[in-house]
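Report on one structure; see the data block that follows.
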Amino acid sequence: MQVKLLSPTQWASAKEKVTRFIYRNGDDRITNAALVELRELPAAQLASSRSGEAPAAIALAISSSGKLAACAFAAEGGERACFVVVAPEFRGQGAGSALLKALSQRMGSLTCSVASDNPSSMAMCFRAGMKAVSLHDGPTGKPTLRFES
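Here is the structure:
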């Protein structure tokens, strides 16, 4: 599986395809606020600064056959938004963890919030080397773990 971080130009051409992928494979777990953050993302925020970090990042996992297997998005180190969507046929193969690692590296650090009824996403965060640091009520009222890289 190949991991690719999108440039501002690549995002402009891939936006529609990636958005469709998220709606088709996200299992209704991505918050509306996170989806709005992605839809309204100015492409320029994907550009790296001199330090190599960027205010936002989008990472894709492409299968050996060239199929989009997974995508991940984070804004402001995950403080504004952070999510990963993996197509069902690619789940459990490490694509999500690889994308989280790529986002963390691009942004310098990463935070993610995962609802307590989503153990597969918690496992993905742990496999990516993230640590659960606190428990709070998430946007849907569910107990939610905060992960940090």
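Here the sequence shown is numbered in my numbering, starting from 99 and rising by one per residue. We put the CB at the ideal spot given by N, CA and C, even for glycine.
Query, Result
"For residue 152: DSSP bridge partner residues", "Paired residue(s): none; residue 152 is not in a bridge."
"Beta-carbon gap between residue 179 and residue 135 smaller than 8 angstroms", "yes"
"Unbroken stretches of the alpha helix (DSSP H), 4 residues or longer, contained in the region 152 to 187", "none"
"DSSP state of residue 225 mapped onto helix, strand, coil", "helix"
"Extent of the continuous beta strand (DSSP E) to which residue 100 belongs", "100 to 103"
"Residue of 213, 175 and 119 minimising C-alpha distance to residue 168", "119"
"Supposed contact pair residue 198 and residue 155 - C-beta distance, whole angstroms, cut 8 angstroms", "In fact, because the Cβ distance is near 11 angstroms, the residues do not count as touching under 8 angstroms."
"Coarse secondary structure for residue 242, derived from DSSP in three states", "strand"
"Coarse secondary structure for residue 110, derived from DSSP in three states", "helix"
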